[in-house]
Amino acid sequence: MTTAVIVDIVRTASGKGKPGGALSGVHPVDLLARTIGRLVERNDLDPGLLDDVIAGCVGQVGDQALNIGRSAVLRAGFPESIPATSIDRQCGSSQQAAHFAAQGVMAGAYDIAIACGVESMSRVPMGSSVAAGGDPFGPLAERYPEGLPHQGIGAELIAARWKLTREDLDAFSARSHDRAAAFTSEGAFTSEIVPITLPDGSVHTVDETVRASTTAEGLGGLRSAFHNEAYAAQFPEIGWHITPGNSSPLTDGASAALIMSEEKAVALGLTPRARFHTFAVTGSDPITMLDGVIPATHQALKRSGLSIEDIDAYEVNEAFAPVPLAWAREFNADQSKLNPRGGAIALGHPLGGSGTRILATMLHHLEATGGRYGLQTMCEGGGMANATIIERL
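When you read off a place in the sequence shown, starting at 1, and then add 5, the result is the number in this note's numbering.
If you want it as structure tokens, here you go:
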């Protein structure tokens with residue numbers, strides 16, 4: 006089977022996903038176009054050689070409607086002959102894009118593809134796709150008569166069922182900021198970040214969501230974000246520990262990976278940086294929703310023949326602090342290897358753009374530390390999760 010490799014991978018620095026955030030003045034088509042354009046430029050690649058561009062995006066309405074992947078390809082100045090598609094596997098959209106791109110290469114359908122993702126939560130807020138009305142879950146009422154709660158309730162249920170205290174969650178969240186701030190100060194993210202010129206002419210290169218001054222004590226003063234009397238009656242086990250401080254922030258951002266066959270990379274004089282080793286995707290209970298990272302990881306490890314001890318870095322998306330903490334307990338994971346440069350609580354979570362953002366950070370960390378294997382997994386709305394294992398070359 007053809008080996009699929011990562012030749013390069015980049016991301017934007019995060020912007021706060023609200024009006025006034027650093028990237029809020031940049032149209033998401035421009036944000037993604039500049040990211041994939043820079044990816045091609047820095048590898049001196051003729052974009053006409055691309056077989057496909059696969060873009061993850063969750064809020065595919067408004068500025069992000071009508072196949073934002075194709076719009077970004079045209080905006081980047083790529084040849085009109087280059088196709089693109091936009092996919093939605095919720096928070097794992099661009100991780101799934103990387104799976105599809107790599108699997109296309111391995112199957113012989115592609116020689117070169119870009120997997121990417123974008124989300125402008127300042128311009129297309131969460132919930133925009135149903136803001137005009139509609140009832141997407143209506144037909145599910147027979148199977149789930151009490152309804153499907155939102156992700157905040159899922160996070161609360163995980164905290165309760167894994168007996169994670171508020172102190173556990175806040176300490177983990179403060180650590181995420183500590184790690185991200187330390188690596189930021191060292192300039193460790195510079196090589197993975199694409200500079201974005203803003204409307205005022207300034208250039209955005211530093212993650213806006215990282216707060217170096219964050220402490221567990223300070224986070225402890227925040228109030229519950231999701232307390233609701235109806236849910237409290239339905240789920241009496243919930244302790245109401247989830248706050249804005251131990252959740253990922255609303256974020257703007259984009260990311261992209263250049264994926265090709267190892268043979269094509271060598272033929273073009275490019276150096277593969279990692280190969281795709283194992284893929285997994287699973288469904289899970291849509292009520293707890295966010296614990297799918299556990300069965301997805303079990304499946305990936307089983308398929309790979311590796312153990313958790315063989316993995317040099319693991320990235321478990323910090324949508325909410327209980328997710329990586331429950332995952333770590335399940336696998337008795339070394340916490341020093343878990344989101345070692347900080348996670349989404351600090352670095353941001355631009356939904357459709359997060360999967361390849363995490364992949365970028367993980368690969369750069371493996372290269373900096375000499376690690377061989379990296380595993381990333383992402384919980385997803387509706388009760389799903391992707392898991393990916395890469396091997397640094």
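Quick reminder that beta carbons are idealized off the backbone N, C-alpha and C, glycines included.
| Item | Value |
| --- | --- |
| Taking C-alpha atoms, which residue in N233, A285, I247, V12 lies nearest to D173? | I247 |
| Which value, in whole angstroms, describes the spacing of the CA atoms of G113 and D175? | 46 angstroms |
| Give me whichever residues DSSP pairs with P182 in a beta bridge. | Checking the displayed sequence, the identity of residue 182 turns out to be His instead of Pro. Paired residues: none, contrary to the question. |
| Does the separation of the CB atoms of A259 and L37 fall below 7 angstroms? | yes |
| Flag this pair as yes or no: are the beta carbons of D212 and G26 separated by less than 7 angstroms? | no |
| Have a look at the DSSP bridge pairing and note the partners of E124. | G258 |
| So, is E314 buried or exposed, given that buried needs 16 or more other C-beta atoms within 10 angstroms? | exposed |
| Would you say A301 and I394 are within 7 angstroms of each other, going by their C-beta atoms? | no |
| Where does the unbroken alpha helix (DSSP H) through D35 begin, and where does it stop? | 33-46 |
| Rounded C-beta distance between I264 and A103? I'm assuming under 8 angstroms. | 7 angstroms |
| When the distance is taken between beta carbons, is S133 closer than 7 angstroms to V406? | Residue numbering for the chain in the displayed model covers 6 to 398; residue 406 lies beyond these limits and cannot be assessed. |
| In whole angstroms, what separates the C-alpha of I117 from that of G360? | 19 angstroms |
| Thinking C-alpha only, which one of V298, E242, G139 is nearest G288? | V298 |
| Got a sec? Which residues, its chain only, sit under 6 angstroms from A351 by beta carbon, not counting five neighbours each side? | S181, H182, A185, V215 |
| Assign F142 to buried or exposed, taking buried as 16 or more other Cβ atoms, counted over all protein chains shown, within 10 Å of its Cβ. | exposed |
| What's the C-alpha gap between G20 and L28? | 5 angstroms |
| Give the DSSP bridge partners of M389, in chain order. | G288, E385 |
| Within 10 angstroms of its Cβ, does M6 collect 16 or more other Cβ (buried), or is it exposed? | exposed |
| List in chain order: all unbroken alpha helix (DSSP H) runs of 4+ residues lying wholly within the segment 281-339. | 298-309, 327-336 |
| Identify every run of the alpha helix (DSSP H) within the segment 157-214, keeping only runs that are complete inside it and at least 4 residues long; order them along the chain. | 171-190 |
| At a cut of 8 angstroms, does the segment 265-277 reach the segment 138-153 through at least three beta carbon pairs? | no |
| So, for E242: in the same chain, excluding its five sequence neighbours on each side, which residues have a beta-carbon less than 6 angstroms away from its beta-carbon? | A165 |
| Between which two residues does the alpha helix (DSSP H) holding G61 run? | Here G61 belongs to no alpha helix (DSSP H); instead the beta strand (DSSP E) covers 57-61. |
| Closest by CA to D317, which one among P345, Y378, L364, R75? | Y378 |
| Using 8 angstroms as the cut-off, can you tell me whether the segment 52-65 makes contact with the segment 119-133, which would need three or more C-beta pairs spanning the two stretches below that distance? | yes |
| Look up A365 in the DSSP assignment and say whether it is helix, strand or coil. | helix |
| Using the rule of at least 16 other Cβ atoms within 10 Å of the residue's Cβ for burial, across every protein chain shown, is E124 buried or exposed? | buried |
| Here's the rule I'm using: 16 or more other beta-carbon atoms within 10 Å means buried, otherwise exposed. How should V271 be labelled? | exposed |
| For I350, report the span of its alpha helix (DSSP H) as first-last. | 349-352 |
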